[in-house]
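A short write-up of the structure that comes next.
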Amino acid sequence: MGTLELSRRDVLRAGASGALVIGFHFTPAGRARAAEAEVASNLAPNAFVRIGADDSVTVIAKHLEMGQGTYTGLATILAEELDADWAHVKVEAAPADASRYNNLSFGTMQGTGGSSAMANSWMQLRQAGAAARAQLVAAAASQWNVPAGEITVKQGVVSHAGSGKKARFGELVATAVTLEPVKDAPLKDPKTFTLVGKQKLPRKDTTDKTNGKAVFTQDIRLPGMLTAVVAHPPRFGAKPKSFDATASRKVRGVVDVVMIDTGVAVLAKGFWAAKKGRDALKVEWDESSAMAQGSEELVAEYRRLLDEPGSVAGKQGDADVAFRKAGSVARVDYQFPYLAHAAMEPLNCVIRRDKDGAEMWNGEQFHTVDQAAVAGVLGLKPEQVRINTLYAGGSFGRRANPAADFPVECARIVKAIGGKAPVKLVWTREDDMRGGYYRPLYLHRIEAALDGRGELIAWRQRIVGQSILAGTPFEAFMVKDGVDATSVEGAANLPYHVPNLLVDLHSPRKTVPVLWWRSVGHTHTGFAVETMIDQMAEAARADPVEFRLGLLSKHPRHAGVLKLAAEKAGWGKPLAAGKTGEKRGRGVAVVESFNSYVAEVAEVTVREDGSFSVDRVVCAVDCGVAINPDVVRAQMEGGIGYGLSAALHGAITLKNGATEQSNFHDYQVLRINEMPKIEVHIVASGEAPTGVGEPGVPPLAPAVANAIAAATGKRLTSLPLKLA
Amino acid sequence: MATLNINGKTVKVDADPDTPLLWVLRDELGYTGTKYGCGMALCGACTVWFNGQPTRSCSLPVSAVGQGKVVTIEGIKGAPARAVQAAWRKLDVVQCGYCQSGQIMSATALLAQNAKPTDADIDAAMAGNVCRCATYHRIRAAIHEASAIMAGKASEKLEA
Chain A
1 MGTLELSRRD VLRAGASGAL VIGFHFTPAG RARAAEAEVA SNLAPNAFVR IGADDSVTVI
61 AKHLEMGQGT YTGLATILAE ELDADWAHVK VEAAPADASR YNNLSFGTMQ GTGGSSAMAN
121 SWMQLRQAGA AARAQLVAAA ASQWNVPAGE ITVKQGVVSH AGSGKKARFG ELVATAVTLE
181 PVKDAPLKDP KTFTLVGKQK LPRKDTTDKT NGKAVFTQDI RLPGMLTAVV AHPPRFGAKP
241 KSFDATASRK VRGVVDVVMI DTGVAVLAKG FWAAKKGRDA LKVEWDESSA MAQGSEELVA
301 EYRRLLDEPG SVAGKQGDAD VAFRKAGSVA RVDYQFPYLA HAAMEPLNCV IRRDKDGAEM
361 WNGEQFHTVD QAAVAGVLGL KPEQVRINTL YAGGSFGRRA NPAADFPVEC ARIVKAIGGK
421 APVKLVWTRE DDMRGGYYRP LYLHRIEAAL DGRGELIAWR QRIVGQSILA GTPFEAFMVK
481 DGVDATSVEG AANLPYHVPN LLVDLHSPRK TVPVLWWRSV GHTHTGFAVE TMIDQMAEAA
541 RADPVEFRLG LLSKHPRHAG VLKLAAEKAG WGKPLAAGKT GEKRGRGVAV VESFNSYVAE
601 VAEVTVREDG SFSVDRVVCA VDCGVAINPD VVRAQMEGGI GYGLSAALHG AITLKNGATE
661 QSNFHDYQVL RINEMPKIEV HIVASGEAPT GVGEPGVPPL APAVANAIAA ATGKRLTSLP
721 LKLA
Chain B
725 MATLNINGKT VKVDADPDTP LLWVLRDELG YTGTKYGCGM ALCGACTVWF NGQPTRSCSL
785 PVSAVGQGKV VTIEGIKGAP ARAVQAAWRK LDVVQCGYCQ SGQIMSATAL LAQNAKPTDA
845 DIDAAMAGNV CRCATYHRIR AAIHEASAIM AGKASEKLEA
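From first to last, the protein sequence lines are chains A and B. Each residue of the first sequence is one higher than the last, beginning at 1 in this note's numbering. Each residue of the second sequence is one higher than the last, beginning at 725 in this note's numbering.
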């Protein structure tokens with residue numbers, strides 16, 4: 001990893017103050033800006049940390065904080081190797097500069113996603129922290145004239161036992177900045193970690209998020225700023241043709257009305273005037289290319305495709321031959337609706353033109369993509385678009401869009417008004433709900449066969465649904481032979497041992513735009529696979545946990561979480577009975593996603609009217625080293641809640657190419673009264689850390705469906721789960 | 725021109741009478757801790773106290789505010805508020821944080837009226853506040869924690 005190889009030439013003298021800035025891979029613009037921005041007497045030994053004379057340790061976060069705890073996790077890794085005092089650690093968002101801040105698991109691109117923040121930053125930030133520590137130690141050694149090897153560091157204090165000398169980090173900065181940066185500083189033995197894995201390290205964003213001070217894009221106010229609310233086409237594929245803004249312009253506060261590719265934008269001095277102006281618009285739409293199908297027609301079309309062979313995504317043995325010889329064969333069709341991400345902060349973006357190019361404020365998840373796209377609209381070079389990354393009020397995948405839809409819309413509005421004012425684009429909840437980029441609608445068919453001894457011998461799974469990656473820059477390396485890896489993950493690489501397997505895929509192209517949604521393909525493959533495996537266990541008259549374990553002998557980490565969750569849930573012991581007329585059941589599911597392994601056991605109560613509640617979920621997770629165990633627990637709790645929201649309620653439906661839902665009354669989401677009791681157990685592991693943002697989601701819905709089957713004997717095969 | 729009482733201060737605002745209090749707070753007065761989530765009183769992100777009651781400011785026109793006392797997240801004081809914020813920090817309730825001002829306004833109002841709520845009381849009082857990160861599990865625990873914090877201290881009324 002070359003990120004810490006610093007040369008003398010990277011050391012910049014910042015004017016007469018005598019302060020030093022040590023940069024790495026700075027672009028010329030970045031170099032100048034960083035030099036300007038540096039305050040006297042800061043030590044910046046690499047792109048990821050700055051140590052101030054006031055003892056502050058500022059960790060530069062290249063990943064978006066959207067709730068998943070990245071700021072805390074990234075800071076923990078770096079502070080661990082630096083031996084910083086956690087109370088003095090602050091976090092600051094990195095600028096858009098992929099030369100320094102690329103996601104190592106995305107290649108050259110800067111962005112956050114795929115539950116990769118900790119995994120790709122682990123060694124990078126350990127090395128950055130260790131290099132900073134070594135430079136402080138070298139400074140102390142030179143100041144005290146003692147061997148560096150005799151110096152220790154603890155909680156932001158550097159000490160030399162022999163001489164009794166001690167110094168806080170801040171006291172060493174002035175000397176440290178004059179020294180050569182340290183290359184290849186040794187890393188700690190994980191046994192000596194004092195922050196990583198510590199049970200309760202306070203999150204870095206909690207205080208500001210409990211007093212109203214945390215700043216989201218929605219909160220940006222700039223001098224002269226106009227708020228834009230856009231009239232979007234009623235149907236996917238439609239475009240604005242003409243508009244009459246006579247009534248809109250009469251609304252007090254409305255300043256301008258402009259037509260852009262994606263609609264008609266009303267600009268006003270505040271949101272309310274812009275929205276009133278938008279609502280008063282008369283727009284004529286060009287619907288010649290509008291989508292005509294609705295969900296019913298799509299489902300009918302996809303059903304036909306379930307009968308036709310698709311592109312092969314996974315193959316072992318000969319499934320066709322095995323099915324001909326099989327004893328009992330089960331065949332189930334599954335259906336999954338479109339889903340909106342519906343993050344709490346409706347989509348928004350702020351862009352201001354200035355003499356150097358443009359400045360953007362955004363809960364920025366795809367720096368490289370959005371920067372290039374906005375630059376393209378404004379006729380700028382990407383590096384002329386400076387991005388201020390703010391907290392995002394959730395995302396669940398929506399703010400990481402290869403099409404950069406809402407930043408591009410904001411840039412088009414800025415361009416349409418000639419850059420005369422900063423623009424805050426605000427989507428209403430309805431715009432957000434109807435704006436597309438949904439989790440695609442999918443159908444699956446699974447056929448599975450047991451032999452006479454109850455062994456699973458054949459599995460055939462056909463998947464039908466839009467490709468998320470088709471038509472995006474990711475298509476080139478993530479779609480192979482007609483198979484989008486995100487459509488079949490968890491199915492094509494089925495962990496269960498089946499000697500004869502065939503997984504194939506149809507990816508019909510549709511006008512409605514689709515996108516990854518927290519845990520991506522596993523949102524549907526996890527359900528289909530884990531409910532069918534449960535059904536096969538029942539057919540084999542085997543215990544669902546034992547049946548799975550028998551097929552997971554080559555997958556010890558799957559088996560590990562499965563056993564742990566089962567044990568902690570009291571699997572095999574009878575559930576407490578419900579009230580008269582109620583039936584209770586327990587179900588399990590285990591899914592690997594983003595290299596993390598999660599098993600969940602759900603307990604349900606089904607009432608006579610067919611309504612049901614999920615009472616308790618016991619979760620076991622193996623994510624390698626749990627950098628912040630409490631954040632891991634929080635992500636499992638949140639993933640379970642997000643998964644349960646979709647399992648109980650989530651469905652976007654289309655009619656004649658238009659979304660039927662609009663807000664939280666017709667796209668219901670989980671509320672506190674539906675939240676089960678949750679226990680999370682973390683497998684102790686020395687493996688490199690893997691993701692936790694997404695992996696809590698996939699096992700939830702199948703565990704609940706399996707619990708309902710255990711309670712009632714009914715196997716639900718479509719989401720959301722409805723018994724009545 | 726309307727004269728409002730926000731966080732104990734009298735302020736004059738120039739807004740059309742139909743403007744929801746939310747947008748007066750956010751766009752006119754800069755109290756951005758109160759959030760826009762749905763605009764239809766469905767999600768609770770915009771919750772403020774209006775005459776001591778948790779109220780969805782997205783659906784309260786400024787013309788209906790009159791001399792009523794409005795308190796936002798920036799202006800909360802008193803024992804329940806301190807206890808709730810302390811409990812939220814202690815249990816690290818927040819994730820994305822966007823809904824949390826509203827959650828805290830509702831939770832504090834609950835504790836001001838019911839110092840020792842049960843799970844069922846909490847679910848009833850908090851069901852109007854959506855959290856897409858689903859921090860509900862910790863919200864419940866934090867309200868119990870705040871209740872315990874309050875029990876150890878002299879009780880104070882909400883300063884509204």
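The C-beta atom is built at its ideal place from N, Cα and C for all residues, glycine as well. On a predicted model such as this, the values are computed, not experimentally measured, just so you know.
8 Å Cβ cutoff, residue i in contact with chain B
i              : result
residue 38(A)  : In this prediction, residue 38(A) scores a pLDDT of 49, lower than 50, which makes its location untrustworthy; no coordinate-derived value is stated.
residue 210(A) : yes
residue 649(A) : no
residue 670(A) : yes
residue 218(A) : yes
residue 221(A) : yes
residue 393(A) : yes
residue 681(A) : no
residue 541(A) : no
Alpha carbon of residue i to alpha carbon of residue j, nearest angstrom
i              : j              : result
residue 113(A) : residue 632(A) : 16 Å
residue 868(B) : residue 574(A) : 30 Å
residue 638(A) : residue 823(B) : 14 Å
residue 558(A) : residue 590(A) : 7 Å
residue 81(A)  : residue 48(A)  : 13 Å
residue 376(A) : residue 42(A)  : 36 Å
residue 11(A)  : residue 131(A) : Only weak support exists for where residue 11(A) lies, its pLDDT of 30 falling under 50; the value from the coordinates is given anyway. Going from the Cα of residue 11(A) to the Cα of residue 131(A) covers about 15 Å.
residue 214(A) : residue 798(B) : 11 Å
residue 90(A)  : residue 351(A) : 26 Å
residue 801(B) : residue 276(A) : 35 Å
Test item: CB-CB of residue i and residue j under 8 Å
i              : j              : result
residue 424(A) : residue 231(A) : no
residue 92(A)  : residue 51(A)  : no
residue 540(A) : residue 452(A) : no
residue 712(A) : residue 601(A) : no
residue 358(A) : residue 384(A) : yes
residue 343(A) : residue 263(A) : no
residue 586(A) : residue 707(A) : yes
residue 873(B) : residue 810(B) : yes
residue 436(A) : residue 490(A) : no
residue 401(A) : residue 515(A) : yes
residue 720(A) : residue 649(A) : yes
residue 370(A) : residue 407(A) : yes
residue 155(A) : residue 54(A)  : no
residue 448(A) : residue 536(A) : yes
residue 728(B) : residue 735(B) : yes
residue 759(B) : residue 218(A) : yes
Residues of its chain near residue i, where Cβ-Cβ distance is below 8 Å and the 5 sequence neighbours each way are ignored
i              : result
residue 845(B) : 834, 838
residue 179(A) : 135, 138, 139, 142
residue 764(B) : 782, 783
Minimum Cβ-Cβ distance from residue i to chain A less than 8 Å
i              : result
residue 832(B) : no
residue 836(B) : no
residue 766(B) : yes
residue 868(B) : no
residue 874(B) : no
residue 744(B) : yes
Cβ shell of residue i (< 7 Å), same chain only, five flanking positions each side left out
i              : result
residue 109(A) : 98, 102, 103, 368
Bridge partners - residue i, DSSP secondary structure assignment
i              : result
residue 51(A)  : 43(A), 57(A)
residue 756(B) : BP columns for residue 756(B) are empty, so no partner.
residue 774(B) : 777(B), 794(B)
residue 336(A) : 442(A)
residue 597(A) : 592(A), 622(A)
Cβ neighbours of residue i in the same chain (closer than 6 Å, five flanking residues each side left out)
i              : result
residue 853(B) : 768, 826, 827, 830
residue 25(A)  : Because the pLDDT at residue 25(A) is just 33, under 50, the model does not fix this residue reliably, and the value given afterwards should be weighed accordingly. The residues are 99, 100.
residue 30(A)  : Annotation note: pLDDT 41 at residue 30(A) (below 50); position unreliable, coordinate value reported separately. The residues are 97.
residue 616(A) : 603, 676, 677
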